[in-house]
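Chains as they are written, first to last, in the UniProt record's numbering: chain A, 1 to 270; chain B, 1 to 270.
There are 2 protein chains.
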Amino acid sequence: MSDLARFSINQMTVRQLPLPDLVDACVRLGIPGVGLWREPVAEYGLEATAKLVRDAGLAVTTLCRGGFFTTAAGPDDNRAAVDEAAALGTATLVLVSGGLPPGGKDLPAARALIAGALAELAPYAASRGVRLAIEPLHPMYAADRCAVSTLDQALALAEPFPAAQVGVVVDTYHVWWDDRAPAAVARAGAEGRIHSFQLADWTTPLPAGVLTGRGQLGDGTVDLRAWRERVDAAGYTGPIEVELFNDTLWARDGLDVLEDTARRYVAHVL
Amino acid sequence: MSDLARFSINQMTVRQLPLPDLVDACVRLGIPGVGLWREPVAEYGLEATAKLVRDAGLAVTTLCRGGFFTTAAGPDDNRAAVDEAAALGTATLVLVSGGLPPGGKDLPAARALIAGALAELAPYAASRGVRLAIEPLHPMYAADRCAVSTLDQALALAEPFPAAQVGVVVDTYHVWWDDRAPAAVARAGAEGRIHSFQLADWTTPLPAGVLTGRGQLGDGTVDLRAWRERVDAAGYTGPIEVELFNDTLWARDGLDVLEDTARRYVAHVL
């Protein structure tokens, strides 16, 4: 299945699958990469996870996530996330930067906090061979999860650092609506700052809390192929990771969801 | 209560109040303006509503809404909305422009449809003494309600027309997250295109469907006073309308909500 040469499955998409089952299925289906999350990795064991994916020949395309610089997470936890990324053999730690501090109403001030935390974390990450990938989240998360709402903002935060240290995540779910995103993708590509490309479709109505309604590829309003072509045209040649948080998919058989996701990737993205 | 000199209550904020009760309460509380919606106006009767508010000396600050140019609404319905605005004596018809056509994935194409419909509607509205006010909606509504997600996009759509014919709505709920909105407000003000200024706060978690979670003033993350000062600095001197869609508020006594909203306006906006 050379069609899947760039495909990566984020483990949250099929979080109902135990890690060994996910790894086995990836090998069987010819899926070459997985994106991992810290919590399930910790549950299975960091070293055990690293060995499992290494022995299977899988690439770990990203580790989610560091960040929350404005609220709970301190520098220690973020350095630990870097260490875990290094241990898993992935070059890319995804950052969800955090929203407003408690009681805060000042988004530029929150972004200034994020800039300060990056300045502290980036050199440490570089010393461990890990790139930081700032993920702009959809503006509906600006208050409580991520004050970085656009690729332009993410690139402005990345700019003080070498591209090999700090870049961005282009996730279609978060940026599809933004008429300035195509130009930002081109710029990010030219600067070598596209550190991850993630896919999810946009479906409505959104569920309460708006966290678990990311659409399966092809079910929504995102022109996924156009986005893949756009990112390719910007010079990106890396993995294409599918990351869905979706209650309906989580209620289904995980292997079915995985196979369906790979089929839909071929049909709607390539 | 000269504090309320610019205050307007959008009737959806207290939709549990029958129109005569709302009008009586506004007179009693010294609230000089109301924003109306077509459906409850039709229910009470267009002429009866016009007489009720006129006799009470209330200004109708806006009529919601025309639009949905990309989907259901045809030109006839939008001309009818203009006629109703004229009959109610309001200068401002708010436009919620519509999202993607069924099966569509092309937001720029949807915005082109909107531009075409505006070209048809604006001269008719002008002939009736009604200004069209394009309301950018939060990007979480881009697919299904409004392909116009930013003030910049709304201003670009308004630009071909005289400011007296087509302008924009600045609604804090929809634009508070946007780091480009302050500059757009300044530009809109300089061009004389701020046709309505509406307030709602941003609270999380969002409810399912994300339509009925607009926060009561002061409950959320929007710096309402800073936005009022920004719009004032842009030269806007018109009404400040509070439009909340909120299940919790709708479940309460309408008069209590109205009085509380006026108090919060004084506390958080002035």
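Every residue gets a Cβ at the ideal spot worked out from N, C-alpha and C, and that includes glycine. All values reported here derive from a predicted model rather than from experimental measurement.
Spell out whether any CB of chain B is found under 8 Å from the CB atom of residue i.
i, result
"Ala110 (chain A)", "no"
"Pro162 (chain A)", "no"
"His138 (chain A)", "yes"
"Gly218 (chain A)", "no"
"Asp223 (chain A)", "yes"
"Asp247 (chain A)", "no"
"Ser149 (chain A)", "yes"
"Trp250 (chain A)", "no"
Report the CB separation of residue i from residue j in whole angstroms; it is logged as a contact under 8 Å.
i, j, result
"Gly129 (chain A)", "Gly189 (chain A)", "So it is not a contact: roughly 22 Å between Cβ atoms."
"Gly89 (chain B)", "Ala50 (chain B)", "6 Å"
"Val148 (chain B)", "Val170 (chain B)", "The pair is not a contact, with the Cβ atoms about 13 Å apart (cut-off 8 Å)."
"Ala117 (chain A)", "Phe69 (chain A)", "4 Å"
"Val60 (chain A)", "Val34 (chain A)", "6 Å"
"Leu93 (chain A)", "Leu63 (chain A)", "5 Å"
"Phe197 (chain B)", "Glu241 (chain B)", "7 Å"
"Gln165 (chain B)", "Arg131 (chain B)", "6 Å"
"Thr71 (chain A)", "Gly103 (chain A)", "Rounded, the Cβ-Cβ distance is 11 Å, inconsistent with contact."
"Arg79 (chain A)", "Tyr124 (chain A)", "6 Å"
"Gly218 (chain A)", "His268 (chain A)", "4 Å"
"Leu211 (chain B)", "Ile9 (chain B)", "That pair is no contact at about 19 Å."
"Leu151 (chain A)", "Ala122 (chain A)", "Going by Cβ atoms, the distance from Leu151 (chain A) to Ala122 (chain A) rounds to 19 Å, so no, they are not a contact pair."
Chain A partners of residue i, CB-CB under 7 Å?
i, result
"Ser97 (chain B)", "Neighbours of Ser97 (chain B) on chain A: none; closest Cβ ~14 Å, over 7 Å."
Check whether the Cβ of residue i lies closer than 8 Å to any Cβ atom in chain A.
i, result
"Val231 (chain B)", "no"
"Leu113 (chain B)", "no"
"Gln153 (chain B)", "yes"
"Leu100 (chain B)", "yes"
"Met1 (chain B)", "Residue placement at Met1 (chain B) cannot be trusted, given a pLDDT of 46 that sits under 50; what the coordinates show is reported in the next sentence. Not closer than 8 Å to any Cβ of chain A, the Cβ of Met1 (chain B) fails to qualify, so no."
Give the residues of chain B in contact with residue i, contact being defined as C-beta atoms less than 7 Å apart.
i, result
"Leu204 (chain A)", "Looking at the sequence shown, residue 204 (chain A) is not Leu but Thr. Chain B residues near Thr204 (chain A): Ala143, Asp144."
"Lys105 (chain A)", "Thr221, Val222, Asp223"
Determine, using beta carbons only, whether residue i comes closer than 8 Å to chain D.
i, result
"Ala208 (chain A)", "No chain D is part of this structure, whose protein chains are labelled A and B."
Assign residue i to buried or exposed, taking buried as 16 or more other Cβ atoms, counted over all protein chains shown, within 10 Å of its Cβ.
i, result
"Pro136 (chain B)", "buried"
"Gly30 (chain B)", "exposed"
"Glu84 (chain B)", "buried"
"Val266 (chain B)", "exposed"
"Asp201 (chain B)", "buried"
"Ala133 (chain A)", "buried"
"Arg214 (chain A)", "buried"
"Glu120 (chain B)", "exposed"
"Pro139 (chain B)", "buried"
"Pro239 (chain A)", "buried"
"Arg228 (chain A)", "buried"
"Gly45 (chain B)", "exposed"
"Ser2 (chain A)", "exposed"
"Gly167 (chain B)", "buried"
"Thr237 (chain B)", "exposed"
"Gly220 (chain B)", "buried"
"Asp178 (chain A)", "buried"
"Pro207 (chain A)", "buried"
"Pro32 (chain B)", "buried"
"Gly47 (chain A)", "It should be noted that the sequence gives Glu, not Gly, for residue 47 (chain A). The residue is exposed, with fewer than 16 neighbouring Cβ atoms inside 10 Å."
"Gly57 (chain B)", "exposed"
"Gly74 (chain B)", "exposed"
"Glu243 (chain B)", "buried"
Interface positions of the segment 170-196 of chain B facing chain A (Cβ-Cβ less than 9 Å), listed along the chain:
Trp176, Trp177, Asp178, Asp179, Arg180
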